[in-house]
Every structure is written in structure tokens, then in C-alpha cells.
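Down below is the structure, laid out as C-alpha cells.
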Amino acid sequence: MTSRILLALAGFGAVAAVATSAQAQMPPLNFDQAAYITCKEAHAMNPEARKALAVFLAEHSARVRGVVIPDGEQGAQLAHLVRGGCTLSPDAYLFTVVDRAILAEMAKLPKRR
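Heads up: the sequence shown runs through residues -24 to -1, 1 to 89, numbered per mature numbering (1 follows the signal peptide of the UniProt record, and there is no 0).
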């Protein structure tokens, strides 16, 4: 992924949240934990943990869908969709927002080899 994707995913727009515990600062260790992190909870994480979580979820979704997250404009478009989805619905699970963004752009994404 390009740095533009990471920066856009790190932003999450106007979602405002306050970190309520030290656990909110650490990214989850497995998919079962990561799948239930909301956009609001992700926004409360420190930027590096949030980036790691977003990349982990995007790679998982892309792998399941049989596509690759490309560098450049297509990847940035996905990041903007995620950012907008989290801004509109901060209580949504981040994985759901990421997966729907990939699903929406799937026809334009390169297929996994």
C-alpha cells in the first residue's frame, strides 16, 4: 500500500473519540479481535496502531475477495471510501467499512494471482 492510503486510513475524517483505556492503544492480535473494532475505537488508537489495523483488515478482505490493493490512485480511492464510511457511521465495525469499500471497487481492482 502506498503512504497515501495509510495516511487517509489514519485520518478517518471527523470521527471524534477519546482513548478510554490502554487496550485501545494496542492493535488486536488476531482477526477475531480485529473484526469487532469500531471506527470510533480505531480512531482512539495511536496512529501507528490504527495504520497497522487498517492495513491488516484491508489485506484480509482483499485476500478473501481475490483482489489486490494497488498502489496509486485506486488504493487512495479505497482509503477515501473507508474514511467517508467511518465519518458517516463511527459506530460501524471498521472491517465492515473496509470490506464494503473493497466490494464497491472490486471490478476495478487487479485480481490476485
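For each residue, glycine too, the CB sits at the ideal point set by N, CA and C.
(1) Given 8 Å as the limit, is there contact between the stretch 9 to 19 and the stretch 60 to 73, that is, 3 or more CB pairs closer than that?
(2) Who are residue 119's beta bridge partners in DSSP?
(3) First and last residue of the alpha helix (DSSP H) that includes arginine 26?
(4) Are the CB atoms of cysteine 62 and valine 73 within a distance shorter than 8 Å?
(5) How close, in whole Å, do the beta carbons of alanine 77 and leucine 57 come, if the pair is a contact with beta carbons under 8 Å?
(6) Output the distance between the C-alpha atoms of histidine 36 and alanine 10, rounded to the nearest integer angstrom.
(7) Would you mind giving the Cβ-Cβ distance between arginine 88 and glycine 60, rounded to the nearest angstrom? I have them listed as a contact below 8 Å.
(8) Tell me lysine 87's beta-bridge partners as DSSP assigns them.
(9) Can you give the Cα-Cα distance for proline 23 and alanine 30, rounded to whole angstroms?
(10) Could you tell me the boundaries of the alpha helix (DSSP H) in which leucine 64 lies?
(11) Rounded to whole angstroms, what's the CA-CA distance from valine 40 to leucine 85? Just pull it up for me.
(12) From glycine 51 to methionine 82, what distance separates their C-alpha atoms?
Checking against the coordinates, here is how it stands:
(1) yes
(2) No statement about residue 119 is possible, as the shown extent of the chain runs from -24 to 89 and does not include it.
(3) The sequence position of residue 26 within the sequence shown is 50, counting from 1. Looking at the DSSP string, the run of the alpha helix (DSSP H) that includes arginine 26 is 23 to 41.
(4) What you label residue 73 is simply residue 97 of the sequence shown in a count that begins at 1. What you label residue 62 is simply residue 86 of the sequence shown in a count that begins at 1. Yes, these two residues count as a Cβ contact at 8 Å.
(5) In the sequence shown, counting from the first residue as 1, residue 77 sits at position 101. In the sequence shown, counting from the first residue as 1, residue 57 sits at position 81. With a Cβ gap of about 4 Å, alanine 77 and leucine 57 count as contacting.
(6) Taking the sequence shown and counting its residues from 1, the one referred to as residue 36 is at position 60. Taking the sequence shown and counting its residues from 1, the one referred to as residue 10 is at position 34. Answer to the nearest angstrom: the Cα atoms are 11 Å apart.
(7) Residue 88 sits at position 112 when you count from the first residue of the sequence shown. Residue 60 sits at position 84 when you count from the first residue of the sequence shown. In fact, because the Cβ distance is near 25 Å, the residues do not count as touching under 8 Å.
(8) By one-based count along the sequence shown, residue 87 stands at place 111. Lysine 87 pairs with Val43.
(9) Counted from its first residue, the sequence shown places residue 23 at position 47. Counted from its first residue, the sequence shown places residue 30 at position 54. Straight-line Cα distance between these residues: approximately 10 Å.
(10) Taking the first residue of the sequence shown as position 1, residue 64 is located at position 88. Start and end: 49 to 64.
(11) Reading the sequence shown from its first residue, position 64 is the one you call residue 40. Reading the sequence shown from its first residue, position 109 is the one you call residue 85. Their backbone Cα atoms lie some 13 Å apart in a straight line.
(12) Mapped onto the sequence shown, residue 51 falls at position 75. Mapped onto the sequence shown, residue 82 falls at position 106. Between glycine 51 and methionine 82, the C-alpha separation is close to 11 Å.
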